[in-house]
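Right, one structure below, let's go through it.
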Amino acid sequence: MKNPRRFTNILLILPFLWIATLPRAGRAAEDATDGIGKELNSVVREMDALSSELARIEDIVAVPKATSFRIEIRGDREIAPPVSAKLLLSGKTGAEVEFPKGERDAFLSDSGAIVWNIPVLPGTYEARLVLSHPYAKGSPSFDFRPSVKAGETFLLRVTLSLPPGSKAAVLAPTPEKPGK
Amino acid sequence: MRRIHPLLSLALAVILLPGVATALEFPARTDNAANRLPYVVEALSAASTARILAGDRSKALDAAREGIASVDRWKIALGALPPWDGTHPDARRSLDALFALLPRGEDNSILLSAGRTFLSLSSLRQRLLDAEERSLSLERKSRRLSAAARARGAELSARLARAGQIGGRFRDDARRSAGIPRRIFRAADDVSIRDFGERTDPKTAALLEEASEKVSRFTGSVSRLQSAARAIVEWQDTRALPPEDRRMVYFAMDRLARAEERAAFLEAKIALLRARVWNRWKEAYVTRTDRILDDAEVAVRRGEAGAARAAKAADALRSGIGRFSEWEVGLAAMGGRMSGTAAVLRSRRAELRPPADEALSRARRSVLAGLARKEWALRHLAGRAAAEWILEGKASRTGDPSPPPPGLLPEAIRHLEASLPPPGERAPHTDESLYALAALRFEEAFRRHYGGKEGDRKDAPDLAVPTALFRRLLNEFPDSRYEEHARYALASCLQESGAEDNAVLVLEELLVRHPSTRYADEANLRIGEHRFDRYDFPGAESAYRKVRDAATAELRATARFKLGWSLFLQSRPREAAPAFLDAALLSSGRAGAGGLRAEARRMTARSIAEAGMEMEAEDFLRRRKGESEGPAVLLAIEGLLDAQNRYEEAAAVATRLGAAYPAAAERLDAEEIAAAALRKAKKDDESMARRGALESLFGPGTAWRSAAGRTAGEIARADAMAMEGMAAAGFHFHAAARATPPGDRRRVLALYDGLLARFPSSPKAEEVAYQRAWLLYEDGRKAEALHAFESVARRPARARGEAAWYMAVQCAKDLSSPRNPKTQAEVARLAREYERAFPDGERLFLVRLDGARAHFLRKEWDEAALSATRAGRGARTPADVRTAYRIAGEALFEGGRYAEAEKAFRDVLAAGPAPEERPEIEKWAGFSMFRAAERLPASRGAEAAPLFLRIANEFPHLAIVPEARFRAGAAWADAGKDVEAIAAFLSVESGHASSPLAPDATRRLAALYERSGNPLAAAERLARLSTLEGNDEGRGRYLFRAAELYGKGKDGVRSRRSYADVSALPSAPAEMRILALFRAGESAMADGREDEADASFDSAVRLHREKGGAAPEVAGRALFQRAEIRYRAYLPLRIVPPLEPSFAAKQRALARCADLYAEAIRVGDAATVSASFQRIGEGLEDFRAAILASPPPADLSAEEKEEYVFLLEERAAPIEERAVESYRNNLRQAVAGDHFDQSVAKSRERLRALRPALFAKKPEFAFPVVPVPDFVGITERTTP
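Taken in sequence, the protein lines are chains A and V.
Everything in the first sequence is counted per our numbering, starting at 4 for the first residue and increasing by one.
Everything in the second sequence is counted per our numbering, starting at 14 for the first residue and increasing by one.
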């Protein structure tokens, strides 16, 4: 070793090199393990969700009873009827429909309403009703939290209206009339 | 030449031996080493000699003792010299020490010669010792080096073994490492990837397993549900479902299909993940095995290198071990040779030791001989000083008078014996030591014999040792200056030893050798004594008369006394009297005379009496100048006369003595003897009079008391005699006055008063005061006597306290009156005092009884009871017990403490009272119990009742027994104990029928029987009580209640009889009589006797009418009951063919009851009215039903039968209308009278049934409207 200073520098650098390299190798191995573990965990969780749904299907199969949401959509004044509707259950599309002309015409009559029956499995849901309206820039929607048991029908009455001075249609629950 | 010889020896020694040269310096150096003891001893010896000559024995003894102690220290120093240790320096030291300890003035030639020899021998031994030590040192060094070489060799051997072990281990490591790759490859073949993964990565393995299991289970469930759903669809033909439900089945099938698809996707994903995981596990396994294989290869190389290094080290160690072994052998041989040389030298040195020791011993013995001579001289000085001190009794001849200390005698003997040289040697002080030693041994023998006590002893002291020592002195040193003294001392020893004849011979030889010896008078006295003892009275008289007047007073007195005896025994009393008187006079004023003077006086008196000169004794004494002995001689003469029974002459001598010597102290004895002599002469009065007058002879103000030289002791004795004399005289004349009254009571009182005034605190004062109080009591002066007794009782000595207090109580009792509470209080106070002062007094019972009576008279009940009870506890006879407890009982009763009073009276009964007294006590006991029970409140009836009953049981003859039983019943009733109460009242009712309490008992019994469910017995008592009533109303009330109770007891006959008796009482209230008839009817009805009942009801109605409507309500009910009897007869009647008569009979029957019901409606109260209306309605309905139910005649055709029925209905319709009317009337009157009962209710029911349109309308109710809340959504539920 002709240059002692160079040797000293190498000795000083060596520990840092060792510190810098060793964790990288270790982290790579750990990442690999964690990645597979995460994937396996997600598979297990998804299997658990499917098992839960299967249990509810089993209830229906054992004693078949009509279990559904009944959504009645009314219009305020002369607002145009919606074209289609989508029901999101826990963030996923649970049902979807395009209203035929007959129903849309009925919507325009004085006491008419669009009625949408959706069969569902028993349980509690985080639900969102989204309508497609010809005039609206955005789709009017309404969030609700239904809970149904086997043989029950959850009735939702909503009114589609256009607030004064606004071009965005609003979907709101229909108030009950007292005495009925 | 004697001086030159040691010097020559010393010079030679200096030349021959280096150590001897220093011997010249011995004396100078050794003085200090011996602490200068030789000089000290010499000085102390001189000092002791000088002090003895000066007469100072104490200091001489101290100096001699100190000298002896120094000699002892000297000896100790000599003995404590350390033994010679065999070295030359120590030899010089030993010799120095011996020189230092040699006494001054002693011959030192022997010591010098021995010292020189000793020093030369020790020097030679020192040289041999040095050579020996050098040899031994070399031997030790050789052996140490040899041992070191051996240890080093052993250490190298251990290292060699260790090198072998290390090499072996290296080889083993290399072999094992070489086998590792093979084992690794075999293990890789055996292990599975799955197991490896479970061990190294358990978390991921578990997740993989869980996901696989879930997919598997899910797939199975989906298949099962799909088949179930399909089954539902296929079964629709047999089990139709509603369309909505069927739609749900399809919906479920759709969801199942979607779930199956999703499960398939997840299963594929799991397979992919499993493959990735397994690859990762394989990679990890390969990496790990590669690293192990590399390590194994490195280990093989390292083991082989280590084994080679170990072999090289072992070779080097073997070479070193060989060299150390050679060194060890050589050094061991050298050590052996050095050891042999040392042994030879040691042997030579040991041979020189005995001659050296012998030389040193010789030197030591010469020093010891000189020391012994010094000690004898000092012992002699100490012994002489101590002997002089002991024999003269003082420490110094002129100065210090201290007596010899205890223990000095044995010390002196020890010194003197130690000062005597051994046989064959002489010392200048030997005769002196022998004399002193003999004298001390004589003293010692006396002390040992008498033990320090004076007095004669029958045996003689053992004086053999001093006798032998005196004889040795006289034999060995006949010309000694101690010869005269030794001879007298020898005579004394012989006399004391009992060899009196030899002693007299030695004394006679002494008088021959030394006629004017200082011991001449004593020798003559002893010779006289010897002859007197052998009855040679004339010879003795001669020897006694040789005692010169110049002799000591003691010798002279003894010689005169023995001379008197010699003459008296020769019957010459007249000559003996002067000799005795001389002896007495010579003994007077001499302290050590002992009893000689008294004996001489007594013999003087006896000689006078023997010579018949007693009447002229005073003259004889005066002539011989013996007045100083006069009172004593006269007193002795009085005693002699008294002993000769010449009492009156003896008393006369006492009188002569008083006249001749008025101030003589002997007068006290003379008066005492005179009083005793008179008593012996049976002249008690004179004797007592003489004793009573002593105060006037010797009391204050008399010549005797004021005489010069009168001592306090004599005065005290005179006072004591006077006090005793007055007391004895007082008691004597008091007793005489009691024996022969009236006596000289004034003289007695004067003597008592005189004594109490003169000697108030004398021991006799209390007794005198007590007797004085008795004197007053006997004279009838009770008030004075009380105070006198109380003052005696309050004296502190209290010998007569108990009797005095008792007598004080008796005086107070005698002075008291029952009507005067103040005097009773005095009695009580004194009784209390007695009890306090003497809680165990002999007369405590009597005093307590007196106190109790006094308290009782003062109406202090508690105090009286307490005192009497205490008296009772201490009573000794049954009569006393009765007396005490009777007083206690009466006091307690009066004080309201009845239970305690009862106990007290029972105590009286237990003590067995007299037959005539017993009833009275029992009466008091019973009264006490009665009062105690009476005092208990009603709430404690259960306690009071037994107490009442106990009176009746225990004292059945008492007049209060009926009342006690009655009160017991009442108490039981209060306590709710009916059975016991009934028994108590029954005992009064049956056992004391004549008692005025009997009716009350019957009344109480009736109530109790009724309460306890025995109505018949109660009714009987009430019936009995009715006979005692004076008016009809009272009788009626008892009988009515009795009838009710009979009825309650199911005795209808007696019940109705009682009711009848009530109704028959003409003056009884009408309502009562009507009600009684009605109740009688009810009773008969209950027994099924309807006729009798109807008659009673009828009588009731009639009486009601007679008395102008006195009891309408009862009358109405009677009418109703009568109607009911008829109604019950009406109901069974049927309308049957032939129709006419049966119809008429039923109609009549209906009319009979209806009339009575109508009458009841008119008379009775609301309940009767409504019941009657209801019954009328029911009767009419029954009649209608009977009509409709009547069978048509048999011979009618069908049409006729139909016509017949039609006719019947026509006839029945008005009857129904009448029934309705009756029911309606009932409702009307009920509404009008605001009355409602069962009959009204029944009427209303019938009206509803008969006229439903009018009376059966249903009510209407309005239902509330429930508001519906504002819901976001509505859940509609279908029925399952």
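Beta carbons are placed, not taken as given, at the ideal position from N, Cα and C, and that holds for glycine.
- request: Indicate the three-state DSSP secondary structure (helix, strand or coil) for residue 966/V in the structure shown.
  value: For the purposes of this step, residue 966/V is taken as the residue at position 953 of the second sequence. If DSSP states are grouped into helix, strand and coil, residue 966/V belongs with the helices.
- prompt: In terms of alpha-carbon separation, which member of 796/V, 834/V and 230/V lies closest to residue 823/V?
  reply: What you label residue 823/V is simply residue 810 of the second sequence in a count that begins at 1. Looking at the Cα atoms, 796/V is the closest of the given residues.
Rounded separation between residue 514/V and residue 433/V - CA only: Here residue 514/V refers to the residue found at position 501 of the second sequence. Here residue 433/V refers to the residue found at position 420 of the second sequence. Rounded to whole angstroms, residue 514/V and residue 433/V show a C-alpha spacing of 33 angstroms.
message: Determine, for residue 305/V, whether the minimum Cβ-Cβ distance to residues of chain A falls below 8 angstroms.
response: Counting from 1 along the second sequence, the entry for residue 305/V is found at position 292. By this cut-off, residue 305/V is not an interface position.
query: Between the beta-carbon of residue 593/V and the beta-carbon of residue 571/V, is there less than 8 angstroms?
result: Along the second sequence, read from residue 1 onward, the residue named residue 593/V stands at position 580. Along the second sequence, read from residue 1 onward, the residue named residue 571/V stands at position 558. Taking a C-beta distance under 8 angstroms as the contact criterion, residue 593/V and residue 571/V do not qualify as a contact pair.
Coarse secondary structure for residue 129/A, derived from DSSP in three states: As a working mapping, residue 129/A is identified with position 126 in the first sequence. Looking at residue 129/A - three-state DSSP - the assignment turns out to be coil, as it is neither helix nor strand.
- prompt: Just checking my contact of residue 1235/V with residue 1193/V at CB under 8 angstroms: how many whole Å lie between their CB atoms?
  reply: Translated into positions along the second sequence, residue 1235/V becomes position 1222. Translated into positions along the second sequence, residue 1193/V becomes position 1180. Contact between residue 1235/V and residue 1193/V holds, since their C-beta atoms are separated by about 6 angstroms, short of 8 angstroms.
task: Could you tell me the boundaries of the alpha helix (DSSP H) in which residue 1012/V lies?
output: Mapped onto the second sequence, residue 1012/V falls at position 999. Residue 1012/V -> alpha helix (DSSP H) spans 1010-1024.
field: Other residues of its chain near residue 1129/V: CB distance less than 7 angstroms, five sequence neighbours each side excluded
entry: Numbered from 1 along the second sequence, position 1116 holds the residue referred to as residue 1129/V. So the qualifying residues of the chain are 1173, 1176, 1177, 1178 and 1181.
message: Check whether chain A comes within 8 angstroms of residue 197/V, counting only Cβ atoms and requiring the distance to be less than that.
response: One-based indexing of the second sequence puts residue 197/V at position 184. Chain A contact via Cβ: absent.
field: Within 8 angstroms, strictly: CB atoms of residue 160/A and residue 146/A
entry: Here the question's residue 160/A lines up with position 157 in the first sequence. Here the question's residue 146/A lines up with position 143 in the first sequence. Not a contact, by the Cβ cut-off of 8 angstroms.
- request: Can you say whether residue 311/V is buried or exposed, counting buried as having 16 or more other CB atoms within 10 angstroms of its CB?
  value: As a working note, residue 311/V is residue 298 in the second sequence. With fewer than 16 Cβ atoms within 10 Å of its Cβ, residue 311/V is classed as exposed.
- request: Step through the CB atoms of chain A and report whether any lies within less than 8 angstroms of the CB of residue 1293/V.
  value: Within the second sequence, the letter at position 1280 stands for residue 1293/V. The predicted model places residue 1293/V with a pLDDT of 40, which falls under 50 and marks its position as unreliable, so this point remains unresolved.
- request: Could you spell out the range, first to last residue, of the alpha helix (DSSP H) harbouring residue 230/V?
  value: Here residue 230/V corresponds to residue number 217 of the second sequence, with the count starting at 1. Per DSSP, residue 230/V belongs to the alpha helix (DSSP H) from 215-247.
query: Between the region 1199-1210 of chain V and the region 1144-1155 of chain V, are three or more C-beta pairs nearer than 8 angstroms?
result: yes
message: For chain V, check one thing: does any of its Cβ atoms lie closer than 8 angstroms to the Cβ of residue 64/A?
response: The count along the first sequence starts at 1 and reaches residue 64/A at position 61. True, the Cβ-Cβ gap to chain V drops below 8 angstroms.
message: Residues of chain A with CB closer than 8 angstroms to the CB of residue 259/V, please, in chain order.
response: Counting from one through the second sequence, the residue named residue 259/V turns up at place 246. By Cβ distance, chain A contributes 67.
At least 3 beta-carbon pairs within less than 8 angstroms: the region 706-724 of chain V vs the region 745-757 of chain V: Segments in contact, no.
field: Rounded separation between residue 982/V and residue 994/V - CA only
entry: As a working mapping, residue 982/V is identified with position 969 in the second sequence. As a working mapping, residue 994/V is identified with position 981 in the second sequence. Each residue's alpha carbon lies about 4 angstroms from the other.
One or two residues paired with residue 88/A in a DSSP bridge: By 1-based counting over the first sequence, the position of residue 88/A is 85. In DSSP, residue 88/A forms a bridge with 100/A and 134/A.
As assigned by DSSP and simplified to three states, the class of residue 679/V: Position 666 of the second sequence holds residue 679/V. Coil.
- request: Output, in sequence order along the chain, the residues in the region 69-93 of chain A whose CB is closer than 7 angstroms to any CB in chain V.
  value: 69 and 70
query: In chain A, which residues lie with their C-beta within 8 angstroms of the C-beta of residue 227/V?
result: Residue mapping note: residue 227/V aligns to position 214 of the second sequence, counting from 1. Within chain A, the residues near residue 227/V are 47, 50, 51 and 54.
message: For residue 198/V, count the other beta carbons within 10 Å of its own beta carbon; 16 or more makes it buried, fewer makes it exposed. Which is it?
response: As a first step, residue 198/V must be located in the second sequence, where it is residue number 185. Exposed: under 16 other Cβ atoms inside 10 Å.
task: Determine the burial state of residue 321/V: buried for a count of at least 16 other Cβ atoms within 10 Å of its Cβ, exposed for fewer.
output: By one-based count along the second sequence, residue 321/V stands at place 308. Residue environment: residue 321/V is assigned as exposed (fewer than 16 neighbouring CB atoms within 10 Å of its CB, all protein chains considered).
task: Check the Cβ-Cβ distances between residue 1268/V and every residue of chain A, and say whether any is below 8 angstroms.
output: The sequence position of residue 1268/V within the second sequence is 1255, counting from 1. By this cut-off, residue 1268/V is not an interface position.
query: Would you call the region 692-708 of chain V and the region 670-678 of chain V touching, i.e. three or more CB-CB distances under 8 angstroms?
result: Counting C-beta pairs with one atom in each stretch, the region 692-708 of chain V and the region 670-678 of chain V have fewer than three that are closer than 8 angstroms, which means they do not touch.
- request: Can you check DSSP and say which residues form a bridge with residue 344/V?
  value: Counted from its first residue, the second sequence places residue 344/V at position 331. Paired residue(s): none; residue 344/V is not in a bridge.
task: Name the two residues that bound the continuous beta strand (DSSP E) containing residue 157/A.
output: The residue labelled residue 157/A in the question sits at position 154 within the first sequence. Residue 157/A -> beta strand (DSSP E) spans 155-164.
- prompt: For a contact meaning CB atoms closer than 7 angstroms, what does residue 327/V contact in chain A?
  reply: In the second sequence, the residue the question calls residue 327/V occupies position 314. In chain order: nothing, as chain A lies at least about 40 angstroms away.
message: On the DSSP letters alone, give me the boundaries of the alpha helix (DSSP H) that residue 125/V sits inside.
response: Within the second sequence, the letter at position 112 stands for residue 125/V. Element bounds for residue 125/V: 122-203.
- prompt: Closest to residue 763/V by CA distance: which of 710/V, 718/V, 812/V and 706/V is it?
  reply: Walking along the second sequence from the start, residue 763/V turns up at place 750. Closest option to residue 763/V, Cα to Cα, is 706/V.
- prompt: When we look at the beta-carbon of residue 71/V and count the other beta-carbons within 10 Å, is it buried (16 or more) or exposed?
  reply: Within the second sequence, numbered from 1, the residue matching residue 71/V stands at position 58. Counting every other CB atom within 10 Å of its CB across the protein chains shown gives residue 71/V a total of 16 or more, marking it as buried.
- prompt: residue 236/V CB to nearest chain A CB: under 8 angstroms?
  reply: Indexing the second sequence from 1 puts residue 236/V at position 223. Answer no: the Cβ-Cβ gap between residue 236/V and chain A never drops below 8 angstroms.
- request: Output yes or no for whether 8 angstroms exceeds the beta carbon distance between residue 442/V and residue 393/V.
  value: Here residue 442/V refers to the residue found at position 429 of the second sequence. Here residue 393/V refers to the residue found at position 380 of the second sequence. In this structure, residue 393/V lies closer than 8 angstroms to residue 442/V by Cβ.
- prompt: Along chain C, which residues have their Cβ under 9 angstroms away from the Cβ of residue 295/V?
  reply: Reference to chain C is not applicable here, since the protein chains of this structure are A and V.
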